[in-house]
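Single-structure report; data block below.
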């Protein structure tokens, strides 16, 4: 299911496809709208463009979960090739994954150290990961906000030990947040 924000952006980008030349919004529209040969969506939800000389550029793609398979890359490449202007030479590649371990402790109110609450934290961190674009850094403050927001009124304290600060992600990489440690019951306490 597509979020409202992504649908709005895709609707705005659709206008750029009316031009005989491709602009960033047109490339974004066709990439995020790409389908496989059987017409099913590719699952690409994030993309970035790295420009080269004379109409060449690399389209870096990822899903909410991280990089995509070679089959998806090939499907997006075929989809773009069928629609590109004659002057453009896009090359589609999967984003590389930069795994960022999220480690620390969570202190909650008495009776709130439950599997349901730990699952909410995992879902919130997954939503944060999906919101990050290709090349977007992982902001430590955003991690705290995601955890506290998932358990509003339940959290007493959150101490994230890893990462120790904001984490830089390469221009063609996408962050993959590993929340298994912070969601482990052993790292939760009640108070």
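In our numbering, the protein residues as written are 5 to 195. Glycine residues also receive a C-beta, built at the ideal position from the N, C-alpha and C atoms.
Note the first and the last residue of the continuous alpha helix (DSSP H) segment covering residue 169. Premise fails: residue 169 is in no alpha helix (DSSP H) and is neither H nor E.
Residues near residue 106 by beta carbon distance below 8 Å, same chain, minus five either side: 129, 147, 164, 166, 167, 181, 182, 183, 185, 186
Give a yes or no on contact between the stretch 46–59 and the stretch 13–25, applying the rule of three or more CB pairs nearer than 8 Å. no
Boundaries of the beta strand (DSSP E) in which residue 52 is found, first to last residue: 50–55
Three-way DSSP call (helix, strand, coil) for residue 46 in this model: coil
According to DSSP, is residue 179 part of a helix, a strand, or is it coil? strand
Just tell me which of 139, 94, 120, 15 has its CA closest to the CA of residue 103. 139
Tell me where the alpha helix (DSSP H) around residue 109 begins and ends. Segment 107–112 is the beta strand (DSSP E) holding residue 109; no alpha helix (DSSP H) there.
Determine the direct distance from the alpha carbon of residue 7 to that of residue 46, and round the result to whole angstroms. 16 Å
Own chain, CB closer than 6 Å to residue 154, minus 5 neighbours either side, in chain order: 124, 125, 128
Please report the distance separating the alpha-carbon of residue 66 from that of residue 192. 32 Å
So, at 7 Å on beta carbons, what are the nonlocal neighbours of residue 40 in its own chain, with the 5 sequence-adjacent residues on each side left out? 46, 79
N- and C-terminal bounds of the alpha helix (DSSP H) containing residue 31: 28–36
Status (buried if at least 16 other CB within 10 Å, exposed otherwise) for residue 132: buried
For residue 74 and residue 120, I'd like the C-alpha separation in whole angstroms. 35 Å
What is the DSSP secondary structure of residue 82, reduced to helix, strand or coil? helix
Proximity of residue 100 and residue 178 at Cβ, strictly below 9 Å: yes
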